[in-house]
Each structure stands twice: as structure tokens, then as C-alpha cells.
């Protein structure tokens with residue numbers, strides 16, 4: 013988590029804006045640790061929808077992404093009011109899974125609030141097991 | 013809750029935009045009942061800050077608003093993705109308390125998602141009891 | 013909301029325990045206003061499940077309860093750590109709807125943290141409209 | 013995240029029970045990814061309070077733990093209703109920081125819902141910088 017590894021805006025092609033809500037803060041008076049994962053989730057859903065995936069269709073005939081693991085480094089405290097932007101980038105593609113790297117920047121600034129990764133598997137929802145990434149998804153991911 | 017009592021945009025002078033997050037939805041696949049109260053809270057904090065109240069200063073030397081009761085009528089289901097606007101209006105001023113009426117509209121539309129009220133008391137935080145509304149607050153509230 | 017109307021434990025036949033989580037508190041350092049509605053929701057789901065309703069089956073062939081409006085009176089601040097108990101009672105049965113009265117008590121105590129109501133309609137989920145309460149549901153509700 | 017690295021109950025000395033709330037589920041119909049971090053937070057607050065730290069005292073004269081980074085591996089989906097237990101163990105002590113390993117087990121079972129780590133720094137809240145772990149804290153952490 014050293015300054016050396018600090019992400020930069022140029023590393024991300026997909027962006028999602030988030031308005032911090034007063035209620036995102038906890039009894040410490042700052043945005044709660046878990047809420048950063050909701051900001052990243054918002055971006056991740058937007059990213060997957062950008063390829064045509066529908067977050068509300070979980071029918072058993074379908075396949076889709078599922079989160080396998082997450083990491084997050086908290087670099088700055090965040091307080092209401094604030095506007096942030098979540099950057100996402102696919103940084104690894106495997107046979108049945110992929111990794112999204114993410115970072116939360118203060119809007120219009122290079123200040124990194126935090127950054128992390130989401131490892132995602134491609135799941136056959138009916139069988140509840142990982143299957144090969146379809147060629148179309150693989151192609152999209154290859155674009156960043 | 014009849015259609016007769018449906019609020020209209022002209023009834024509100026203070027407006028607060030909210031972007032629905034994917035994570036605002038619950039296992040029913042729609043925005044959770046409790047989350048509407050977070051949208052209203054966001055607007056209410058913005059309304060009070062517009063008069064100079066600071067939501068993070070709870071020092072015991074201070075006075076400020078506190079929610080005494082709330083009501084909400086659910087008129088439409090709401091799903092991600094959506095943009096809404098919360099309208100607020102002070103509709104009653106008493107000696108030590110006031111009532112804010114609120115309604116959530118779909119952005120740029122007359123569609124009412126829901127509406128309600130927040131009864132607020134003016135609290136001496138140190139003494140934890142309601143005190144008279146300061147003249148300056150009373151004046152602001154009188155503007156809507 | 014006077015002391016005269018303060019609910020008493022004897023008024024409730026259905027009870028649901030809730031453990032306050034640290035994360036239920038907001039930047040004011042007390043349990044957030046909206047979180048009380050989650051405590052009541054937890055009890056309401058438990059109440060409906062006690063008659064055999066399944067909260068995860070929203071198939072369009074089904075009917076079930078839906079929240080139409082809610083009210084809540086905040087009587088005491090609540091802080092982590094705490095254990096509370098939500099009491100529920102059906103206090104009104106109409107043709108296509110019913111009203112649940114609720115109160116949150118500190119565990120094992122007569123201290124009322126807050127109380128309110130949930131007006132519920134009986135919905136045909138496929139048609140998205142209120143229909144008559146089935147006789148079996150009406151009978152259960154009549155028991156409190 | 014292989015089965016080889018699956019945590020076992022014997023690896024944890026501190027335990028915290030959590031009751032899954034209906035509202036912890038998201039539109040996928042399972043407990044939301046971010047909510048696991050709230051379960052871990054609940055345990056972490058309990059763990060720190062067990063040494064006498066007070067989560068609500070953030071006065072600038074104080075020092076205390078702050079989360080620097082988190083990881084979590086999702087191994088099983090979780091649905092309401094469920095009871096889980098979060099195990100915590102201090103698995104690394106450095107000069108100004110420490111690492112807590114955590115795992116969420118189904119209550120009374122060896123089924124691992126997920127597991128992860130929280131890297132914590134010891135912060136001087138007034139100066140907003142990491143300082144050396146006090147000897148008393150270091151001793152407690154050494155116990156697990």
C-alpha cells in the first residue's frame with residue numbers, strides 16, 4: 013500500500029460517479045468502511061450492464077458474473093459532502109474468471125480515496141458453478 | 013393516501029437530487045422501504061445545512077433539529093437505475109418544533125414515488141430537551 | 013406522541029429480537045433514524061413467515077403483503093451496544109389491507125424506544141394490484 | 013482461495029455472533045457482498061472493546077485502531093434466515109500496526125461462509141498519523 017503503488021487515473025477506462033450521502037457516515041463521523049464496497053459495487057454493476065448484462069435477471073437459465081473475493085486499501089478518510097468517481101479496469105482474464113481493479117478518486121482530482129480489486133467468476137446460476145467466459149464477454153474485458 | 017392528496021411539485025421549494033444505487037434494492041428486487049427514509053434524510057440534512065447548521069457538530073453547547081416522528085406513503089415501486097428528486101417544504105411551525113412535508117418525484121417528471129412528513133423538534137443537545145426555536149430559524153422556516 | 017399514548021408490552025402478541033450493530037449508528041453517534049424501520053421490517057417478515065408466507069418467492073403467480081405506508085415516533089435515542097425487542101400486533105383488518113402496530117422496547121424492559129404503524133395491502137404480484145385478503149390470512153390476522 | 017487454505021474454527025480465539033437480517037439481502041436474493049464487512053466490523057468493534065477501547069470516544073487526545081485495508085473471500089452464498097459466528101484472530105503484530113484474520117462460520121457448524129483479513133494501524137486521532145502500539149495493546153494482541 014505504499015505511495016509507489018498509488019493508482020493513477022490513466023489506469024482506468026470505465027468511470028462511475030457517486031454522490032456521498034450523509035447516511036454513508038458512521039459513528040466515527042466518516043464514510044463507513046463497508047460503504048466503499050457499495051461505491052465499487054455501483055461501478056461494477058454499471059460496468060457489467062455496459063456489456064448488456066441485466067442485474068435483475070437471475071433466472072436459472074442464465075450465466076453471469078459473481079464476486080469471488082475483494083480487497084480494498086483505505087488511503088483517505090471521506091466525509092459528507094463529497095463527490096467521488098470510481099475507476100474500474102479489467103486487469104486479468106483467466107478461463108472462468110477475471111479481475112477488476114478499482115480506485116475511488118475525489119471528483120475532478122487525482123486524490124485517491126482508496127483502491128482495490130474484485131476477483132469475479134463467471135457462474136452458471138442454475139448449476140451454481142463457474143463455467144468458461146463466453147467469447148463475447150472475453151472480448152469486452154480485453155478492452156479494459 | 014388517495015390520489016386526491018397526491019403532492020404536486022409546486023408545493024415544494026427545496027429540492028435535493030438522489031441517484032438510486034443498485035445496492036438500495038432488496039430481495040424483492042425494488043428499492044427497500046427503509047431506503048426512502050435515507051433519501052429524505054439526505055434532503056433534510058441539505059435543507060438544514062442551507063441555513064448554516066452543521067451536521068457533524070454535536071457538541072453539547074449546541075442546539076439543533078432532531079427527528080421526532082416520520083410518516084411515509086409508498087405510491088410507486090422504484091428500481092435501479094433511476095434518478096429522483098426529493099422536495100421538502102416546512103408546512104407547520106410551532107414553538108419548539110416544526111413539520112417538514114416531503115415527496116420523492118422521478119427526476120424531471122410529475123410521477124410521485126412517495127410522500128410523507130418529518131416532525132422535528134429543536135433540541136438543546138447538552139440538556140437533551142426541546143427548547144424554543146431561535147428567531148433566525150423560525151424566519152428561515154417561514155420561507156418554506 | 014404524548015406519554016398518554018405510550019404503548020405497553022401487553023398490546024403486542026408477536027415479538028422479534030434485534031441486536032443493535034455498531035454499524036447501525038450514524039454520524040450523530042446514535043442508531044440512525046432509518047434503521048428503526050429495518051428493525052420493524054425484520055419483525056414484519058418474521059410475522060408474515062409465521063403464517064407460511066415466503067419472503068423470497070415473488071413469482072408472478074403469487075399474492076402477498078406489501079407496505080403501503082409507515083409511521084414511526086422516536087421516543088428514545090438508541091446506542092450500540094443494545095438488545096431490543098420489536099412487538100407487532102394487527103390492529104385493523106380491512107377488505108384488501110390491514111394495519112400492523114409496532115413498538116420497539118429495550119430487551120426485558122418497559123422502556124419504549126419508539127413505536128409506529130405499517131399499513132399493508134394484499135397484492136396480486138403479477139397484476140400489481142390489491143386484492144381481497146384470503147380467508148386464511150384474515151383468520152391469522154384476527155389473532156393479533 | 014483454494015480448499016487447502018480454508019480456515020478452521022481452531023484458528024480463532026475471539027467469536028462474535030451475528031443474526032442475518034432480511035434486509036441484509038440484495039436484489040440477487042442473497043446477503044449483499046458489502047454486508048459481510050459489517051459482520052466483520054461488528055466482531056472487530058467487539059474485539060477492541062474487549063480490551064477497553066471505546067468506539068464512541070474519538071476525542072483528539074486519543075489513540076486507537078483504524079482499518080488500513082481489508083480482504084474477503086466469498087465461499088458460500090448466505091440467505092436469510094441464518095445465524096453466523098465471526099471468528100477473529102490477531103495473526104501479525106508490527107510496530108505501528110497489526111493484522112486481524114477473520115472468518116464467518118455458520119453457527120455451530122464448520123461451514124465457512126467466507127474469510128479474510130483486516131490490516132489495522134494504531135492512530136493518533138489528533139495528529140491523524142500512525143504511532144507505536146502501546147505496550148498494553150501489544151500484549152493483548154499477542155494473546156490472539
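Residue numbers (the working numbering), protein chains in the order written: chain A, 13 to 156; chain B, 13 to 156; chain C, 13 to 156; chain D, 13 to 156. Just so you know, even glycine gets a beta-carbon here, dropped at the ideal spot from N, CA and C.
Residues of chain B whose Cβ lies closer than 9 Å to the Cβ of residue 92/C do not exist; the shortest such Cβ separation is about 16 Å. Contact annotation: residue 139/C and residue 37/A have beta-carbon atoms that are not nearer than 8 Å. By the rule that beta-carbons nearer than 8 Å mark a contact, residue 89/B does not touch chain A. Counting only runs of 4 or more residues that sit fully inside the region 40 to 67 of chain C, the alpha helix (DSSP H) segments are 47 to 62, in chain order. Minimum Cα-Cα distance from residue 30/B among the listed residues 105/B, 45/B and 50/B corresponds to 50/B. Residue state for residue 118/C is assigned as strand, using DSSP reduced to three classes. When the Cα atoms are used, residue 132/B and residue 112/B turn out to be separated by approximately 8 Å. With distances taken between CA atoms, residue 46/A lies nearest to 89/A out of 119/A, 89/A and 150/A. If you draw a 10 Å sphere on the C-beta of residue 42/A, you find 16 or more other C-beta atoms in it, and that means buried. Closest option to residue 115/D, judged by alpha-carbon separation, among 129/D, 152/D, 103/D and 150/D: 129/D.
Secondary structure of residue 23/D (DSSP, three-state): helix. Less than 8 Å separates the beta-carbon of residue 124/C from that of residue 18/C.
Boundaries for residue 143/C: no beta strand (DSSP E) harbours it, and the DSSP string shows neither H nor E there. Residue pairing by DSSP places residue 134/B opposite 77/B in a beta bridge. Comparing C-alpha distances from residue 35/D to each of 136/D, 145/D and 94/D shows the shortest one belongs to 94/D.
For residue 153/D, the enclosing alpha helix (DSSP H) has its first and last residue at 147 to 154. Not a single C-beta of chain A is nearer than 8 Å to the C-beta of residue 138/C. Beta-bridge analysis with DSSP links residue 82/C to 84/B and 130/C.
Listed in chain order, the non-local C-beta contacts of residue 135/A below 8 Å within the same chain comprise 75, 76, 77, 78, 141, 142 and 143, local neighbours out to five positions each way being set aside. Contact check for residue 63/A against residue 152/A passes: the beta carbons are separated by less than 8 Å. The straight-line gap separating the alpha-carbon atoms of residue 48/B and residue 33/D is approximately 18 Å. Cβ-Cβ distances below 7 Å link residue 109/B to 80, 131, 132, 133, 134 and 142 in the same chain, with the five nearest sequence neighbours on each side left out; the list follows chain order. Residues of chain A whose Cβ lies closer than 7 Å to the Cβ of residue 50/D are, in chain order, 46.
Approximately 29 Å separates the beta-carbon atoms of residue 150/C and residue 126/C; this is outside 8 Å, ruling out the contact.
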